[in-house]
Amino acid sequence: MSSEPEIERKLSPSEKFHWVIDRESRINFVMHAAVSGILQEQTIRTALDIIQRRHPLLRVCIMRTWRGSLRFKSGDIRAIPVRVVGAPAGVCPSGADNPGFVPEDKWVEEAEREINTPFKSEECPLARCVLIRHGDTKTTVLLTVHHSIGDGKAGAFLMRDLFRAASKVQKGESAGLPGLPPRMDMTAYFPGWAKGISGRLRYIRFGLRVLSAMVRWGAPAMPLVDRKAPVRMRRACIVAKTLNAATVAKLHKRARIEKTTLHGALIASQILAVVHERGSAKELAFIIGSPVNLRARLDPPVEDDLGLFITVGISINRAGFSTDFWQLAREVRQSLLECVERGDPFVYVMMHNDLSAVAGLFGSGGVGARVYTAIAGKLHLGGLAFSNIGRVDIAADHDSFVVESLGFAASASGLAVLVPFVATTDTVTTWNFVGMEPLISREHTARIADKACKILIDAI
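With the numbering used here applied, the sequence shown covers 14 to 473.
Written out as structure tokens, the structure reads:
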């Protein structure tokens with residue numbers, strides 16, 4: 014890949030945020046896709062080489078300068094590694110784990126392993142792949158990415174490009190994809206009002222709105238904690254749920270009638286599941302952060318590049334046993350809509366600037382990272398979040414194989430206790446609940462996930 018352009022630039026505050034948090038407890042994200050048909054290991058390796066040439070940030074590591082600043086840098090570019098889990102009886106590919114085909118739910122265990130296993134950020138690439146063989150024509154593909162170089166939406170673009178390239182390789186066609194130019198960090202594309210004094214004033218008003226809600230309604234609710242543990246001892250577990258296309262269509266239709274969205278309905282089901290779990294007789298306050306994709310709102314807009322182009326929107330709501338589901342879904346939608354219209358997601362990144370300034374007083378070593386993570390957890394209100402990348406534009410039928418489903422999950426590190434991750438294709442919506450053990454056990458996460466699903470289905 015010596016012909017590819019070299020990359021070297023300073024990490025943005027948001028990219029640095031994910032790098033520092035990851036030092037205390039992993040914050041990787043993993044994309045997963047269920048594939049039927051013929052998908053060869055060498056095909057995936059070749060397709061990975063193609064997308065690595067296309068996306069500049071798949072060719073970087075993160076280096077610290079002698080002054081302590083962090084920079085993306087390309088140099089010793091290695092291929093994206095592939096690990097194979099499962100193989101036909103008597104066949105064990107190089108690097109394979111657990112010879113013999115494995116059950117289809119094995120992907121959950123392997124995805125957990127991936128999001129809880131650190132990258133060596135000073136080594137390139139900051140991505141890796143796992144092929145899980147369930148049978149001759151059944152495979153799950155996992156693609157794990159360091160959160161400093163991308164987000165869930167970017168991961169969906171990577172999977173789309175990966176399968177496009179793989180399809181061309183297996184058909185013997187020219188498989189190259191156009192290379193994308195290196196991008197500056199997203200703040201370089203922010204509107205002027207989101208920067209400087211204007212942006213700072215908006216950020217202050219944003220913070221005051223959150224504080225005002227907490228004064229009026231009390232501290233935000235979160236799932237009951239099973240066992241406390243320092244951030245560095247936490248581990249993400251995944252409880253996977255799905256909604257078929259027919260159910261999603263019914264939900265969309267009902268949501269339109271109720272003047273809300275599927276996104277609002279999913280968050281409402283999460284809130285009410287926690288309300289029932291806590292068993293409180295009074296209404297509880299909920300402050301839930303949802304990643305907001307800024308790509309189309311940047312100047313100029315960014316399309317399908319790998320990179321960190323999200324910030325967070327906040328919904329502030331109250332709910333109790335008697336709360337009407339669809340009314341809550343409308344209120345969630347309205348709260349998020351107002352947040353985005355005010356431009357809160359643009360100024361939210363100033364928190365990352367402030368974190369760096371405060372934590373920097375404690376040095377750039379382990380103590381500074383722990384202080385940084387502790388403050389970040391408090392500022393994120395440490396309980397609930399929700400991530401939905403919406404409908405994923407990915408072709409299902411690639412002739413020799415079919416992409417049956419696509420989803421994602423990430424470790425919440427020290428930022429949250431429970432986070433559902435949602436992605437939708439033409440055939441299925443994946444709904445992965447990630448709990449941070451031991452704060453919330455796998456069984457506890459499953460109970461909340463089951464309750465949320467029941468609440469949502471009963472509301473149709």
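Idealized CB from N, CA, C, for every residue including glycine.
Return the bridge partner residues of residue i from the DSSP annotation.
{"i": "residue 410", "result": "415"}
{"i": "residue 119", "result": "Looking at the DSSP assignment, residue 119 forms no beta bridge with any residue, so it has no partner."}
{"i": "residue 352", "result": "In the DSSP output, where bridge partners are listed per residue, residue 352 has none listed."}
{"i": "residue 441", "result": "257"}
{"i": "residue 137", "result": "Beta-bridge pairing links residue 137 to no other residue."}
{"i": "residue 330", "result": "299"}
{"i": "residue 431", "result": "397 and 448"}
If distances are taken between C-alpha atoms only, which option among the options comes closest to residue i?
{"i": "residue 51", "options": "93, 366 and 415", "result": "415"}
{"i": "residue 94", "options": "83, 62, 300 and 70", "result": "62"}
{"i": "residue 136", "options": "70, 183, 167 and 285", "result": "70"}
{"i": "residue 255", "options": "441, 458 and 43", "result": "441"}
{"i": "residue 74", "options": "202, 153, 149 and 162", "result": "162"}
{"i": "residue 97", "options": "80, 142, 79 and 368", "result": "142"}
{"i": "residue 231", "options": "306, 329 and 282", "result": "329"}
{"i": "residue 450", "options": "362, 220 and 129", "result": "129"}
{"i": "residue 35", "options": "389, 281, 59 and 225", "result": "389"}
{"i": "residue 81", "options": "396, 374 and 410", "result": "374"}
{"i": "residue 202", "options": "312, 125, 383 and 296", "result": "312"}
{"i": "residue 247", "options": "385, 125, 379 and 23", "result": "125"}
{"i": "residue 197", "options": "320, 452, 340 and 354", "result": "320"}
{"i": "residue 335", "options": "289, 145 and 406", "result": "289"}
{"i": "residue 314", "options": "287, 264, 257 and 204", "result": "204"}
Considering only the beta carbon of each residue, do residue i and residue j sit closer than 8 Å?
{"i": "residue 113", "j": "residue 147", "result": "no"}
{"i": "residue 310", "j": "residue 316", "result": "no"}
{"i": "residue 190", "j": "residue 318", "result": "no"}
{"i": "residue 20", "j": "residue 91", "result": "no"}
{"i": "residue 138", "j": "residue 55", "result": "no"}
{"i": "residue 322", "j": "residue 472", "result": "no"}
{"i": "residue 27", "j": "residue 362", "result": "yes"}
{"i": "residue 295", "j": "residue 452", "result": "no"}
{"i": "residue 175", "j": "residue 120", "result": "no"}
{"i": "residue 169", "j": "residue 436", "result": "yes"}
{"i": "residue 447", "j": "residue 251", "result": "yes"}
{"i": "residue 326", "j": "residue 353", "result": "yes"}
{"i": "residue 360", "j": "residue 216", "result": "yes"}
Return the Cβ separation of residue i and residue j in integer angstroms, given the expectation that the two are a contact with Cβ distance under 8 Å.
{"i": "residue 343", "j": "residue 266", "result": "Residue 343 to residue 266, Cβ: 16 Å. No contact."}
{"i": "residue 260", "j": "residue 268", "result": "Contact doesn't hold; Cβ gap of about 12 Å is too wide."}
{"i": "residue 423", "j": "residue 68", "result": "That pair is no contact at about 19 Å."}
{"i": "residue 236", "j": "residue 428", "result": "Not a contact, Cβ separation roughly 14 Å."}
{"i": "residue 306", "j": "residue 157", "result": "With 8 Å as the limit, residue 306 and residue 157 do not qualify as a contact, their Cβ atoms being about 20 Å apart."}
{"i": "residue 277", "j": "residue 398", "result": "Their Cβ separation, rounded to whole angstroms, is 15 Å, which puts residue 277 and residue 398 out of contact at 8 Å."}
{"i": "residue 418", "j": "residue 239", "result": "Not a contact, Cβ separation roughly 30 Å."}
{"i": "residue 356", "j": "residue 233", "result": "Contact flag wrong, Cβ pair sits at about 23 Å."}
{"i": "residue 434", "j": "residue 44", "result": "The Cβ separation is near 10 Å, so there is no contact."}
{"i": "residue 412", "j": "residue 180", "result": "6 Å"}
{"i": "residue 22", "j": "residue 84", "result": "6 Å"}
{"i": "residue 166", "j": "residue 117", "result": "In fact, because the Cβ distance is near 26 Å, the residues do not count as touching under 8 Å."}
{"i": "residue 47", "j": "residue 153", "result": "6 Å"}
Would you tell me roughly how many angstroms separate the C-alpha atoms of residue i and residue j, rounded to the nearest one?
{"i": "residue 245", "j": "residue 185", "result": "47 Å"}
{"i": "residue 86", "j": "residue 187", "result": "30 Å"}
{"i": "residue 469", "j": "residue 29", "result": "37 Å"}
{"i": "residue 358", "j": "residue 243", "result": "29 Å"}
{"i": "residue 392", "j": "residue 211", "result": "22 Å"}
{"i": "residue 456", "j": "residue 38", "result": "21 Å"}
{"i": "residue 298", "j": "residue 324", "result": "22 Å"}
{"i": "residue 474", "j": "residue 404", "result": "Summary: the structure shown does not reach residue 474, with the chain confined to residues 14 through 473, and so no result is reported for it."}
{"i": "residue 103", "j": "residue 115", "result": "Low confidence applies to residue 103: its pLDDT is 48, below 50, so where it sits in the model is not reliable enough to give any reading."}
{"i": "residue 458", "j": "residue 285", "result": "14 Å"}
{"i": "residue 133", "j": "residue 226", "result": "41 Å"}
{"i": "residue 262", "j": "residue 171", "result": "26 Å"}
{"i": "residue 182", "j": "residue 59", "result": "8 Å"}
{"i": "residue 89", "j": "residue 461", "result": "45 Å"}
{"i": "residue 386", "j": "residue 365", "result": "11 Å"}
{"i": "residue 465", "j": "residue 304", "result": "20 Å"}
{"i": "residue 425", "j": "residue 145", "result": "24 Å"}
{"i": "residue 281", "j": "residue 79", "result": "48 Å"}
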